[in-house]
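Undergrad: Using full-length UniProt numbering, the letters of the sequence shown map in sequence onto residues 1 to 185. Even glycine gets a Cβ: it sits at the ideal position worked out from N, Cα and C. Keep in mind the model is a prediction, meaning the values are calculated, not measured. Supplied in structure tokens, the structure appears directly below.
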Amino acid sequence: MGIHQIQLRYEATADRLLLQVRSTQAEIYAAWLTRRLVSRLLPPFRQAVTASSLQTVAPHALPVPEARQMLEQAALQRPLPGTQFNQLFQVDEQCRHPLGSEPLLADAGELRRGPGDELHLVLQETRGRQIDLGLTPELATALLRLMDGALAAADWALAADATSAAPVADEPTSPGLAPAGRPLN
1 MGIHQIQLRY EATADRLLLQ VRSTQAEIYA AWLTRRLVSR LLPPFRQAVT ASSLQTVAPH
61 ALPVPEARQM LEQAALQRPL PGTQFNQLFQ VDEQCRHPLG SEPLLADAGE LRRGPGDELH
121 LVLQETRGRQ IDLGLTPELA TALLRLMDGA LAAADWALAA DATSAAPVAD EPTSPGLAPA
181 GRPLN
């Protein structure tokens with residue numbers, strides 16, 4: 001799926017985050033993210049995005065521990081060409097909803113490396129529906145920024161700089177990655 005737009009916002013009535021993705025083919029995918037899922041997904045997602053951003057900005061850098069946090073911060077705050085955070089999310093009557101118009105209630109999430117430097121975020125629900133988002137380093141960084149904004153609005157007291165590693169599936173030897181198939185729920 002080619003991603004055209006991503007929106008992530010806090011819905012106070014449901015006390016959940018609503019993730020909406022519009023594909024380049026005008027398909028809308030939506031998922032509710034609970035506090036429980038986000039608390040488990042955020043640390044490994046942040047770690048994977050930070051590592052990927054660091055590779056993009058300074059591929060050959062071997063920073064000393066004292067400079068690592070500063071380098072990671074700079075990598076996450078780098079300009080993202082073509083990204084417009086002020087553009088409204090577009091849903092119109094031409095949009096299709098392949099998974100139905102009701103957002104899936106994600107009760108499991110998984111992160112895994114895709115081809116190249118792509119990061120896959122897979123959100124699943126018990127009924128079998130799932131969303132598999134292939135994120136380039138730029139899209140992953142943008143989604144992390146959206147997540148930070150939504151979490152600030154949610155006031156869930158989830159650490160914005162949490163880097164403790166929960167599992168990310170695919171390569172067990174890579175930092176922040178766990179054995180394949182181990183969901184984050």
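On the criterion of 16 or more Cβ atoms from any shown chain inside 10 Å, does Ser52 qualify as buried, or is it exposed?
TA: buried
Undergrad: Three-state secondary structure (DSSP) at Gln7?
TA: strand
Undergrad: Report the option in Gly100, Leu123, Glu66 and Ser101 whose CA atom is closest to the CA atom of Leu111.
TA: Leu123
Undergrad: Answer with buried or exposed for Leu88, where buried requires no fewer than 16 other C-beta atoms within 10 angstroms of its C-beta.
TA: Leu88 is exposed by the Cβ-count criterion.
Undergrad: Residues in its own chain within less than 8 Å of Arg129 by CB, not counting five upstream and five downstream?
TA: Leu99, Gly100 and Leu104
Undergrad: Roughly how many whole angstroms lie between the Cα atoms of Thr163 and Leu121?
TA: Low local confidence applies: a pLDDT of 42 at Thr163 is under 50, so the model's placement there is unreliable, with the coordinate-based value given in what follows. Cα-Cα distance, rounded: 17 Å.
Undergrad: If Leu37 sits next to Asp107, beta carbons under 8 Å apart, how far is it from one beta carbon to the other, in whole angstroms?
TA: 7 Å
Undergrad: With H, G and I counted as helix, E and B as strand and the rest as coil, what does DSSP make of Gln20?
TA: strand
Undergrad: Within its chain, find whatever has a CB closer than 7 Å to the CB of Arg33; leave out the 5 residues flanking it on each side and keep chain order.
TA: One detail in the question is off: residue 33 reads as Leu in this sequence, not Arg. Cβ within range, chain order: Arg16, Leu17, Leu19 and Ala106.
Undergrad: When the Cα atoms are used, what is the spatial distance from Leu139 to Gln90?
TA: 18 Å
Undergrad: What's the C-alpha gap between Leu135 and Gly116?
TA: 11 Å
Undergrad: Considering only DSSP beta bridges, list what Leu119 is partnered with.
TA: Arg113 and Leu135
Undergrad: Cutting at 7 Å between CB atoms, please list the residues of its own chain near Asp132, excluding the five before and the five after it.
TA: His120 and Val122
Undergrad: DSSP on Leu88, reduced to helix/strand/coil?
TA: Secondary structure at Leu88: coil, using DSSP grouped into helix, strand and coil.
Undergrad: How is Gln130 classed by DSSP in three states: helix, strand or coil?
TA: Of the three classes helix, strand and coil, the one that applies to Gln130 here is strand, per DSSP.
Undergrad: Rounded to a whole number of angstroms, what is the C-alpha to C-alpha distance between Thr13 and Trp156?
TA: 14 Å
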